[in-house]
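Engineer:
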Amino acid sequence: MKQADALFDKTEFHSVNFSQTSGYRLKRLELLNWGTFDQKIHIVSPEGQSTLLVGQNGSGKSTLIDGILTLLVKPGVRNFNVAAGARKRERTERTYFEGAFDRNADGESNGIKTRCLRPSRKHYSVVLACFQNDNESAFSLANLLYWNGQKVEPVYCFSNRERSISGDFSQLDTSSGILKAITDRDFKATKTFTEYEGWFRKTTKVKKKAMDVFNQTVAVKDIENLNQFIRNHMLEPYNWAERLDALLAHFTQLNEAHACLVKARDQEALLQPIARHGLEFANFKGQLEKTIRKSQGLDAFFAQKTIEIFKPALAKYQQSLVEIRFHKQSLKDELEAIEEEQRRIKNEIEQEGGDRLKMIPLLIETATSELNRKQERYDLYQRALKRTGLNQTVSCASEFQHVQQLISEHHNQHEASIQECEENRMELIVQRSQIRQERSDLSVELESLERQKGNLPERSISLRESICLELGLSAKELPFAAELIAVQENERKWESSIEKVLHSFGLSLLVPDRFYHIVSRHVEQTKLTTRGRGQRLIYLRINEQKTSQDMTDQDSASMLSKLRFKAGHTLLPWVKAELAARFDYRCCETIEELQQATGLAMTPSRHVKTGSKRHDKDDREQLLDRRNFILGWDNKEKKQQIMARVVELDFIDQQLSQKVAAIDTNLVAFRNRIHAWNDLQTFVDFSEINWQRHQQDLVDLEEEKKAIEENSDAIQFLREQATKLSSRRKGLESHREDSICTENGLERSIRDSEKLIVNAQNVIDGFTKENIWEQYQSTFSELESSVDESCFSIEELLETQVSLRKTLDKEQKSLRQKLDPIEEHLTQAMSKFTRKFPEEADLLPHVAYLDSFLGLLQRINDEDMPRHTDRFKERLNDTVTREIGLFRAALEKERRNIEEKVETLNLSLRQLDFREGTYIQLDPKRVNNHEIVEFQRQLRECVEGSFEDSAEANEARFVRIQKLVLKLQDEGYRLWREKVVDVRNWFDFLANVIDAQTLEQVSSYDDSTGQSGGEKAKLAFTILVAAIAYQYDLDPSEPDAERFRFVVVDEMFSKVDDQHAEYALKLFRQFGLQLLIVAPLDAKACVTQPFVGSYLHVTKKNNRSEVFQMTAKEFSHYVDAADKHRTSSSKNQNDR
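Going by numbering that gives the first Met the number 0, the first residue of the sequence shown is number 0, and it counts up by one from there.
#1: With residue 536 as the anchor, note down where its alpha helix (DSSP H) starts and where it stops.
#2: Quick check on residue 587: buried or exposed, where buried means 16 or more other Cβ atoms within 10 Å of its Cβ?
#3: Where does residue 158 fall in DSSP's three states?
#4: Looking only at its chain, what residues have a beta carbon closer than 7 angstroms to the beta carbon of residue 84, apart from the 5 residues adjacent to it on each side?
#5: Pick from 171, 175, 183 and 445: whose alpha carbon is nearest that of residue 158?
#6: Bridge partners for residue 992 per DSSP, in chain order?
#7: Please give me, in chain order, every unbroken run of the alpha helix (DSSP H) with length at least 4 that falls completely inside the segment 756-800.
#8: With a cut-off of 8 angstroms, do at least 3 Cβ pairs link the segment 32-50 to the segment 1092-1108?
#9: Where does residue 925 fall in DSSP's three states?
#10: Assuming residue 565 and residue 509 are in contact, meaning their beta carbons sit under 8 angstroms apart, how far apart are those beta carbons, in whole angstroms?
#11: Where does residue 932 fall in DSSP's three states?
#12: Closest to residue 837 by C-alpha separation, out of 360, 266, 73 and 485, would be which residue?
#13: For residue 409, collect the residues of the same chain with a Cβ closer than 6 angstroms to its Cβ; drop the 5 residues on either side in sequence, then sort them by chain order.
#14: Would you kindly report the start and end of the unbroken beta strand (DSSP E) that includes residue 95?
#15: Should residue 24 go down as buried or exposed, given a rule of 16 or more other Cβ atoms within 10 Å for buried?
#16: If you draw a straight line from the alpha carbon of residue 367 to that of residue 734, how long is it in whole angstroms?
#17: Could you spell out where the alpha helix (DSSP H) holding residue 635 opens and where it closes?
#18: Could you check what DSSP says for residue 613 in three-state terms: helix, strand or coil?
#19: Between the Cα of residue 999 and the Cα atoms of 931, 920, 728 and 959, which residue gives the shortest distance?
#20: Looking only at C-alpha atoms, which of 864, 165, 235 and 96 sits nearest to residue 76?
#21: Taking the alpha carbon of residue 73 as the reference point, which residue from 337, 196, 131 and 880 has its own alpha carbon closest?
#22: Report back the beta-carbon spacing between residue 1077 and residue 67 to the nearest angstrom; my notes put them in contact at under 8 angstroms.
#23: Which same chain residues, not among the five before or five after residue 381, have their C-beta less than 7 angstroms away from its C-beta?
#24: In three-state terms, what does DSSP make of residue 750?
#25: Suppose you measure from the CA of residue 857 to the CA of residue 536; what does that come to, to the nearest Å?
#26: If we ignore side chains and look at the alpha-carbon of each, how far apart do residue 292 and residue 775 end up?
#27: Helix, strand or coil: how does DSSP classify residue 900 here?
#28: So, do the segment 898-906 and the segment 1018-1032 have three or more beta carbon pairs nearer to each other than 8 angstroms?
#29: Per DSSP, what are the beta-bridge partners of residue 27 in this structure?
#30: Counting C-beta neighbours from all protein chains within 10 Å, is the total for residue 561 16 or more, i.e. buried, or is it exposed?
#31: CA-CA distance, residue 204 and residue 890?
#32: Locate the alpha helix (DSSP H) running through residue 494, then write down its first and last residues.
#33: Given a cut-off of 8 angstroms, decide if residue 260 and residue 882 are closer than it, judged by their beta-carbon atoms.
#34: If you follow the beta strand (DSSP E) that residue 229 is part of, which residue opens it and which one closes it?
#35: Mind pulling the beta strand (DSSP E) runs of 3 or more residues that sit fully within the segment 858-917?
#36: Which word fits residue 558, buried or exposed, when buried means at least 16 other C-beta atoms lie within 10 angstroms of its C-beta?
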């Protein structure tokens, strides 16, 4: 107690009686295992009196005060150890629970090690306070801490009577039933401070923020600055960390979206020249390739043309030969008929007799009837002939005979054509159906690949999704083996072989042991289907703890050395072990190596050996198609191949539909012609339609009748007839000679045509045998359109072929000269792109990659640019701007809250005399600080123009937001950030002295008026007491026994002169407040002496604290005894 002697030396003590003061006051405080108050129950009993608590620094004063804070102030707000200047989280309930007493460097961990009195955590800690009023109504608060196995957990206790630790908290079991155990001891108990605080507030009638003010009062030590005092002690700080973190997180997403958009724009800008040069290059390249193809197909084309031109000519020659021979025979028959007529006339002349005139009318009637009948038949014949498509008429027997020869031939041809068309149509319909099914399957596959990063088929992904959805699992927890395995980039030549041997294993679902029972039960009870079709699922039960083999030190010839694995997955060790156990194939470069290998082996050409006997080589197209590969977690290449195939299938579908339509048109035409040929077939002989002969017979009979009637000299008439017949016979004989000459010419033409056709057919057969005929055939339409139709004649065909070859050679040379500089510009543009974006590793600056560049441009324009633009606008307008708007609104709301709090505080200040006849009113003024004003302006500008949706406006607003958010994010601006977002700093506070009678302002105080420290202190004390009175709901003129009256002040008077300290103490007493005053040992105590009735002294020994208590009277006697002892000692020294 020597230091206490120094503290209270020569101080006059007076005992103060507070028994007449109403309200709940601290009667007793107990601590068990709280901080350095260890092992036993420590009790202090102020008995409702104001108390002075002293002790050396580090003795345990703050520990005792923090115990009170745990009872009255909610977690997260408490100012633990604030008197000692500790950092916010240096002391916690856990450090007090474990009894932390020292922190020093830990040499082993290079960190800070905390030393504790109770590190085993097998105890529990209790802080208990009992409050009582003059009506002897009491209530007790207690906070019990225990270790729940993971953390320190509090139990808040309340009782409407006086309780103690020894009587109510002994022998507690800190198990899960601790709440019930405490409740059974007639406590209200809870683990939530809010419920506990409700019990306290209902009893004491304090306002909601009362204990926040209590907490701030504990922290008030130095009253130098009015603004800082009000900001720090009268106003609660708002934690903006969560809002700032949300804003920064959303801005990070916005920044990423903006970066993606900028990248897409840059890529699009660099790809446009590639597209422009590429279009020009493709145009000339296409023309060159077209010209080359035409040159290559020239011989085939003219061979085909030779057959097309000479084959019909040959048929025409042959037909003409038949006709001329038939005509020659007709002339012969007609000559024979004339000879017969000449003989008849000669006989009649000789006989000069008969009944000729009587027979002529009958002959005329017969001839007329036949003429009409055959004219009708002739018309039917001609209409049918026109429907066949033959552009000719029949006027003689030879022409009729020619048509009749064509009937069977054309009828059979059309029947064959119809059958061929129907077969072709059915084949095309089947092909189109297959194409559409394949496209549908590929579309589903593409959608599946978009939902995953791997190469698994859609049916596998859908099966897993249904299982995971049903069982509440994630895809990562049930991977397929293929998702964890890929072929190394430099081992691509082995890829198809590796895919072959690992295909089944890759499609196996890996089920960890912990999920095995639920997965297997689900699979057993569920029909496995995808898109209505049953599916097969192979799944493997995985014991993650057991891996018997690994893949370290693999032979470079082993297939396993050519694999890479997806790092970080928990099942990867098992997968590697399984591969080592089952799939350690030896990769053989030659067949000799394969033959000599024992066990598993394979070649790059999918020749697989699985033992000494079994070999398997698979060259089926589906195994070679990379679209069917399943290994790996990067499906970019597979998606490109599928998209290319989809485009190809769409083109094929269009072509097939066009062909089907063309066949349908041909079928209608063929069927119409068959009906026409059938009609022609009903006519057997030319005589059925030869109406001209009967018309001539009628003319002859009429003339004969007239002649006979007009000339009775029959012999003369018969002689004239004989003369006519003789003349006609000479003409027919001349025609017969001409027919013989024509027949010889036709025979020569037939021989020449047959020779040319045979030679052309040999050329075609040669090309067909070399499998290049169809390739050349595709150029025929282009070649035909490049030459005038008149050039394809028998006379000019050879000359046309020579001329066209020269023209094509000239075109090739010209196009190559134009193509070279365009290709150079194109590759330069590609190089510029790949240098700017090296991450596009699958693109090389070569014309062979033009389609890939153009595909990327199309994807950017069709997908990336709209997607990134929409995502940027969404995150700018709907997320970040909204978040900034909410942040700004929250700041403004906090500003209004502060103004309301100040107004509320002013209501209490009106009750307190500052000087006689005056009171204080606080006036919050907007601060004129450049940083804060600029911050408010930037916030406002970030949300302005949010309804303007142009790209320029969005970009400008993004730049403004970026500037502000990056500064908020930068730790180098931490002090600036803490300053501008703390709304308390938005105000400067004036304290106006108001005349109570006139309500006029007498004077005004602020931090710039230069008032003394004492005046500032007096002003601050006034404001502090007013805040307490308001929150405690105290009226000094109306004592109320149900009101709470306890306040803790920590070193508040250490830097204030006695006069103003006394003023503050009187203010506290005016409102009947019980004070617990904390002070260091060297503090002056005389000013507090008239206001305290109890003294507490905290000491520490062996890292454990003790508290000693005396009343003012006891302490006065102790000081008197100390004075006498000092006087006696001094006298003895003088005597010596």
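Where a beta carbon is used, it is the ideal one built from N, C-alpha and C, also for glycine.
Structural biologist: This is what the structure holds:
#1: Premise fails: residue 536 is in no alpha helix (DSSP H) and is neither H nor E.
#2: buried
#3: strand
#4: Confidence at residue 84 is low in this model, with a pLDDT of 49, below 50, so the placement of that residue is unreliable and no value is reported for it.
#5: 183
#6: 919 and 1002
#7: 772-776 and 779-784
#8: Flag = yes, the segment 32-50 and the segment 1092-1108 touch.
#9: Here residue 925 sits in strand by DSSP.
#10: The pair is not a contact, with the Cβ atoms about 12 angstroms apart (cut-off 8 angstroms).
#11: helix
#12: 266
#13: 676
#14: Run containing residue 95: none in the beta strand (DSSP E); it sits in the alpha helix (DSSP H), 92-97.
#15: buried
#16: 31 angstroms
#17: Its alpha helix (DSSP H) spans residues 635-679.
#18: coil
#19: 920
#20: 235
#21: 196
#22: The pair is not a contact, with the Cβ atoms about 11 angstroms apart (cut-off 8 angstroms).
#23: 392
#24: helix
#25: Looking at the two C-alpha atoms, the distance is approximately 38 angstroms.
#26: 7 angstroms
#27: DSSP places residue 900 in helix when its eight states are reduced to three.
#28: Touching, yes, given that three or more Cβ pairs across the two stretches are closer than 8 angstroms.
#29: 129
#30: buried
#31: 31 angstroms
#32: 494-505
#33: no
#34: Bounds of any beta strand (DSSP E) do not take in residue 229, whose DSSP letter is neither H nor E.
#35: none
#36: buried
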